[in-house]
Amino acid sequence: MTDKQDDRVSSFRHRSEKLKNPSRDLGIYKVQEAENSGVLDATLTFRINSILKQHFEKLCKSEHTTVSREIKRFITEAVRTQRLL
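Structure representation (structure tokens):
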């Protein structure tokens, strides 16, 4: 195959992947919708190992951030990219 043909195949594959899962491209709009609402109206409550929590709190403190802020960042990035770790 020539480089031009490789580019065409690659482009076709990319477009077909988008068609298979169009919601991946909409992630940024989902984040913008949440940011534009400006409302913090939900609470997450979950259990975690206390030692793991302490280590995470120390890590957050050393990075001058909070546990809450980092969990929000994780959720926002997961929604934006439509992927989990």
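With our numbering, letter number 25 in the sequence shown gets 52, and the count goes up by one each step, no holes. Note that CB positions come from ideal geometry on N, CA and C, so glycine has one too. Just so it is clear, the structure is predicted and the values come from calculations on it, not from any experiment.
Close Cβ partners of residue i (< 7 Å) along its chain, the five nearest in sequence each way excluded
| i | result |
| --- | --- |
| Glu97 | Cys87 |
Cβ-heavy atom distance, residue i to the ligand GDP, below 6 Å
| i | result |
| --- | --- |
| Leu111 | In terms of ligand content, the structure shown is empty, and the ligand GDP therefore cannot be addressed. |
Alpha carbon of residue i to alpha carbon of residue j, nearest angstrom
| i | j | result |
| --- | --- | --- |
| Ile78 | Asn63 | 36 Å |
| Ser89 | Val58 | 28 Å |
| His41 | Gln81 | 43 Å |
| Leu71 | Gln32 | 50 Å |
Neighbourhood of residue i by C-beta distance below 6 Å, restricted to the same chain and skipping five residues each side
| i | result |
| --- | --- |
| Leu111 | Ala105 |
Contacting residues, own chain, Cβ-Cβ under 8 Å from residue i (five flanking each side not counted)
| i | result |
| --- | --- |
| Val66 | none |
_Threshold first: 3 residues or longer. Then list the beta strand (DSSP E) segments lying entirely within the segment 49-84, N to C._
Unbroken beta strand (DSSP E) stretches of 3 residues or longer found wholly inside the segment 49-84: none.
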